[in-house]
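Undergrad: I'd like to ask you about the structure that follows.
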Amino acid sequence: MATQQRRPGSRPTGAARPAGNERAAARARAAAKKKNKMIIFIIELVAILVMILGLYWFMNQGGNGPKVTVLDEEKLAIAEHIAFEQTMDGYKNIALFGVDAVTSKQLYKDSRSDSIMIASINMNTGDIKLCSVYRDTLLNLTDSKGRYEKCNAAYSYGGAEQAVRMLNMNLDMNITDFITVGYKGLSSVIDGLGGVYIDVDKEELKHINNYQIAVADVLKCDYKKVTKTGYQLLNGVQASAYCRIRQTAGSDFQRTARQREVLKSLEDQAKKADLATLTEVFNDSIGDIYTSLESDDILALLKNIADYSIVDEAGFPNEEYRGNANLGARGACVIPDDLVDNVVWLHDFLFNDPEYRVSDTVKDIDADIKADVANYRK
């Protein structure tokens, strides 16, 4: 999987052990947390599938479709100079959120977007680039006054509008559309498309079957052990387990790369499937979709589905410009050690613009983050 990690050529300057009932409660919380972690991966994968299958739903099924809202662009913190950035012309940028919603109401707010992606579509070529924004990244979640926390909390505080605002404000983006997906069942989606092809290496093979046990327990189903390395077809339970592996080199960063790998394989399988299969699979997830895209928007994006391809993927902050720090009550965070460099890199990656000059807002947030983190790195 190709990523761009070069430096842009030009840029601006332990708790006590519980006992009795408390111990049982702790086990229940741990079990719930484990289940929620699996849900995170499920919804991230379904998000891209929604985009791929949306055309077929609206052309052939009609009906109520997804839950639709319209975001107020005046509240999305799009920098004034972005409107004059010619290098961003011809791109459609969509925020993809996977939330840890337990109830249908939490699809809209009060749940964390533990999966965050930017899908940038070149409308002239059909090329799609994916960039995960690591959920633990320390960013400004509110406005000029600043509320610096893990970026996945923005959705909990203000739903999709605040989460999109957070991305625009910190990354100099012009996102006005989003797709949010709740838990519907990754195993059935992948199985409905005939599985996904993944290259399992030696280190991943050591862990994938252990994760299958946890996945099968949540889904109340059996599982089939993966017994060999190499390029092979994985079923729904196996692919879910693959997405959860984080004990290899790269830890959680590599785990998000595996998730994007499965997304790309899902895209390949969707393009091979017939209309009846695509419609059936999409039918299974339609109830968990919350979006700003009307049917006409999706038709405009996807009327020639075969002409669109995921061509590159990456994660933000870029490896060259990130660190980590434990910020006390805010927990262990991924730190964009230089937000300016990271934003320049992002615009180079998405829009081939290595000369991009960041907004004053990004410069101010960069200074705030450096000052904040310095207090914990003394």
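Note that the working numbering numbers the sequence shown so that position 91 is 1183, with each residue one more than the last. No residue lacks a Cβ here, since even glycine has one placed at the ideal position from N, Cα and C.
Y1226 lies in the alpha helix (DSSP H); which residues open and close that run?
TA: Residue mapping note: residue 1226 aligns to position 134 of the sequence shown, counting from 1. Per DSSP, Y1226 belongs to no alpha helix (DSSP H) and is neither H nor E.
Undergrad: Write down every uninterrupted run of the alpha helix (DSSP H) in the segment 1290-1335 whose length is 4 residues or greater and which is fully enclosed by it, in chain order.
TA: 1294-1311
Undergrad: Hey, how far is the Cα of I1457 from the Cα of K1237?
TA: Numbered from 1 along the sequence shown, position 365 holds the residue referred to as residue 1457. Numbered from 1 along the sequence shown, position 145 holds the residue referred to as residue 1237. The straight-line gap from Cα to Cα measures roughly 10 angstroms.
Undergrad: Of the residues E1172, E1166, M1215, which one's Cα is nearest the Cα of D1452?
TA: Here residue 1452 is taken as the residue at index 360 of the sequence shown, counted from 1. That would be E1172, whose Cα lies nearest to the Cα of D1452.
Undergrad: Using a threshold of 9 angstroms, state whether the C-beta atoms of I1402 and S1332 are closer than that.
TA: Counting from one through the sequence shown, the residue named residue 1402 turns up at place 310. Counting from one through the sequence shown, the residue named residue 1332 turns up at place 240. Not closer than 9 angstroms, so no.
Undergrad: Please report how far the alpha carbon of V1162 lies from the alpha carbon of Y1382, in whole angstroms.
TA: Numbered from its first residue, the sequence shown carries residue 1162 at position 70. Numbered from its first residue, the sequence shown carries residue 1382 at position 290. Rounded to whole angstroms, the separation of the alpha carbons of Y1382 and V1162 is 11 angstroms.
Undergrad: So is N1302 buried or exposed if we call it buried at 16+ other beta carbons inside 10 Å?
TA: As a first step, residue 1302 is located in the sequence shown; it is residue number 210 there, counting from the start. Under this definition N1302 is an exposed residue.
Undergrad: Would you list the residues sitting across from R1239 in a DSSP beta bridge?
TA: One-based indexing of the sequence shown puts residue 1239 at position 147. BP columns for R1239 are empty, so no partner.
Undergrad: S1205: which of N1185, T1229, K1462 sits nearest, CA to CA?
TA: To locate residue 1205, count along the sequence shown from 1; it is residue 113. When each option's Cα is compared against that of S1205, the closest is T1229.
Undergrad: If you follow the alpha helix (DSSP H) that A1461 is in, where does it begin and where does it stop?
TA: Position 369 of the sequence shown, counted from the first residue, corresponds to residue 1461. Note that residue 1461 corresponds to Ile in the displayed sequence, not to Ala. I1461 -> alpha helix (DSSP H) spans 1452-1466.
Undergrad: Cutting at 6 angstroms between CB atoms, please list the residues of its own chain near V1292, excluding the five before and the five after it.
TA: Here residue 1292 refers to the residue found at position 200 of the sequence shown. Correct list, in chain order: T1321.
Undergrad: Below 8 angstroms CB to CB, which residues in the same chain sit around L1233 once its five sequence neighbours on both sides are set aside?
TA: The sequence position of residue 1233 within the sequence shown is 141, counting from 1. Excluding five sequence positions before and after L1233, the CB atoms of its chain that fall closer than 8 angstroms to its own CB belong to R1239, Y1240, E1241, C1243, A1245, A1246, Y1249, Q1254, M1258, given in chain order.
Undergrad: Which same chain residues end up closer than 7 angstroms to R1350 when comparing Cβ atoms and leaving out the 5 residues on each side of it in sequence?
TA: Stepping through the sequence shown from its first residue, residue 1350 is reached at position 258. These residues qualify, in order along the chain: Y1334, C1335, I1337.
Undergrad: Applying the criterion that 16 or more other CB atoms from any shown protein chain within 10 Å of the CB defines a buried residue, is R1469 buried or exposed?
TA: Numbered from 1 along the sequence shown, position 377 holds the residue referred to as residue 1469. By the Cβ neighbour-count rule, R1469 is exposed, with fewer than 16 other Cβ atoms within 10 Å of its own.
Undergrad: How should Y1217 be labelled, buried or exposed, when 16 other C-beta atoms within 10 angstroms of its C-beta is the threshold for buried?
TA: The residue you call residue 1217 lines up with position 125 of the sequence shown. The residue you asked about is not Tyr; residue 1217 is Thr in the sequence shown. Exposed, since its Cβ has fewer than 16 Cβ neighbours within 10 Å.
Undergrad: Report yes or no: do the segment 1420-1431 and the segment 1365-1373 share at least 3 C-beta pairs separated by less than 8 angstroms?
TA: Taking a contact to require three or more Cβ pairs closer than 8 angstroms, the segment 1420-1431 and the segment 1365-1373 do not qualify as touching.
Undergrad: Curious, which full-length beta strand (DSSP E) runs of at least 3 residues does the segment 1403-1429 contain?
TA: 1414-1418, 1424-1428
Undergrad: Going by CA-CA distance only, name the one from L1442, T1369, A1421, D1464 that's closest to I1427.
TA: Here the question's residue 1427 lines up with position 335 in the sequence shown. It is D1464.
Undergrad: Pull up the distance between the alpha-carbon of K1298 and that of N1214, whole angstroms please.
TA: Within the sequence shown, residue 1298 is the residue found at index 206, counting from 1. Within the sequence shown, residue 1214 is the residue found at index 122, counting from 1. Whole-angstrom Cα-Cα distance: 39 angstroms.
Undergrad: In terms of alpha-carbon separation, which member of D1202, E1405, L1325 lies closest to T1348?
TA: On the sequence shown, position 256 is the one that residue 1348 refers to. Distances from the alpha-carbon of T1348 to those of D1202, E1405, L1325 put E1405 closest.
Undergrad: Buried or exposed: which applies to G1423, given that a residue is buried once 16 or more other Cβ atoms fall within 10 Å of its Cβ?
TA: In the sequence shown, counting from the first residue as 1, residue 1423 sits at position 331. Exposed, since its Cβ has fewer than 16 Cβ neighbours within 10 Å.
Undergrad: Would Y1200 and G1251 be called neighbours here (beta carbons separated by less than 9 angstroms)?
TA: Within the sequence shown, the letter at position 108 stands for residue 1200. Within the sequence shown, the letter at position 159 stands for residue 1251. Against a cut-off of 9 angstroms, the Cβ pair of G1251 and Y1200 comes out as a contact.
Undergrad: Give a yes or no on whether the C-beta atoms belonging to V1273 and L1188 are separated by under 9 angstroms.
TA: Sequence index remark: in the sequence shown, residue 1273 carries index 181 (1-based). Sequence index remark: in the sequence shown, residue 1188 carries index 96 (1-based). Yes, the pair counts as a contact, with Cβ atoms nearer than the cut-off.
Undergrad: Does the Cβ of N1260 have 16 or more other Cβ atoms within 10 Å, making it buried, or fewer, making it exposed?
TA: As a working mapping, residue 1260 is identified with position 168 in the sequence shown. When all chains shown are included, N1260 counts as buried.
Undergrad: Between which residues of its own chain and K1294 is the CB-CB distance below 8 angstroms, once the five residues before and five after are set aside?
TA: Residue mapping note: residue 1294 aligns to position 202 of the sequence shown, counting from 1. Excluding positions up to five away in sequence, the list reads T1321.
Undergrad: Leaving out five residues on either side along the sequence, give the residues of the same chain with a beta carbon under 6 angstroms from the beta carbon of D1269.
TA: On the sequence shown, position 177 is the one that residue 1269 refers to. Around D1269: I1186, S1384, L1385.
Undergrad: May I have the straight-line CA-CA distance separating T1340 from I1300, to the nearest angstrom?
TA: By 1-based counting over the sequence shown, the position of residue 1340 is 248. By 1-based counting over the sequence shown, the position of residue 1300 is 208. Cα to Cα, the separation comes out at about 11 angstroms.
Undergrad: Take the Cβ of Y1323 as the centre, count every other Cβ of all protein chains shown within 10 Å, and call the residue buried at 16 or more, exposed below.
TA: Working through the sequence shown from its first residue, we reach residue 1323 at position 231. Exposed: under 16 other Cβ atoms inside 10 Å.
Undergrad: Spatial neighbours of D1202 within its chain, please: C-beta separation below 7 angstroms, excluding the five flanking residues on both sides.
TA: Reading the sequence shown from its first residue, position 110 is the one you call residue 1202. Within the same chain, D1202 has close Cβ partners S1248.
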